[in-house]
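Under the working numbering, think of the first position of the sequence shown as 14, with each following residue one higher.
These notes concern the structure reproduced below.
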Amino acid sequence: MDSYDRKLGAKFLLVIIILLMLGISGRCGNNSQIDSLKTLLVEHNVHHVDIVLAQAVLETGWFKCNHCSWQRNNPFGFFWKGQYKKFRDLDHAVFYYKTWQAKWYKDGEDYYDFLKRIGYAEDPGYISKLKNSNLITIN
C-alpha cells in the first residue's frame, strides 16, 4: 500500500467516524429534555423509569416530532377523544402518568407485559420497539 492509499484510507475512516457520530447525536434528541423528564419521573415515584423514558423517546421521535404529542407536553402519547391529551407542562404529564400507572399497574408485574395487557399502543410491535429503542440507561 503506497502513501496515497494510506491517506485515502485514513480520510475514508475519518468520514465514517464523523457520520456515525452525527447519526448517534442526531437520534438522541436533547439530553436536557431526557434528564428533565427522568428527574420528574423519579420525583413522582414512577415505576420502571427507564422503560417509561423509552416510551417517551418512541412516542416523540427522540423529542423531535413537530405534529405529535410532544407539542402538547405529552411525551407519553396519551390519547383522549381522538386527539393527544394536552398538559400544561411536563410535571403535569408525569403526574398524570403516575396516577394512570397507580390505577392499572400491579406491583411486581413485568412492565412490558403490563403495557401489552392494557393495550397501551395500537402498534402490535410497540413492545419490541421499546426493547430495541437503544435508549441507554441514564444515571
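From the three backbone atoms N, C-alpha and C, an ideal C-beta is built for every residue, glycine too.
- The closest CA to that of histidine 60, considering only Lys142, Pro137, Gly95 and Lys116, is found on Lys116.
- Rounded to whole angstroms, the separation of the alpha carbons of leucine 128 and alanine 134 is 8 Å.
- In the three-state reduction of the DSSP assignment, tyrosine 118 falls in the coil class, being assigned neither a helical nor a strand state.
- When secondary structure is reduced to three states using DSSP, tryptophan 113 falls in the helix class.
- Of the residues assessed, glutamate 56 falls on the exposed side of the cut-off, its CB having fewer than 16 other CB atoms within 10 angstroms.
- Residues Thr73 and Phe76 of the same chain have their beta carbon placed closer than 7 Å to that of tryptophan 83, with the five preceding and five following residues left out of the count.
- When secondary structure is reduced to three states using DSSP, tryptophan 93 falls in the strand class.
- The straight-line gap separating the alpha-carbon atoms of glycine 132 and glycine 138 is approximately 12 Å.
- Taking a contact to require three or more Cβ pairs closer than 8 Å, the stretch 89-102 and the stretch 62-73 qualify as touching.
- Exposed is the label assigned to lysine 119, since fewer than 16 other Cβ atoms lie within 10 Å of its Cβ.
- Assignment of aspartate 63 by DSSP, reduced to helix, strand and coil, places it in the helix class.
- Between lysine 94 and arginine 85, the C-beta spacing is not below 7 Å.
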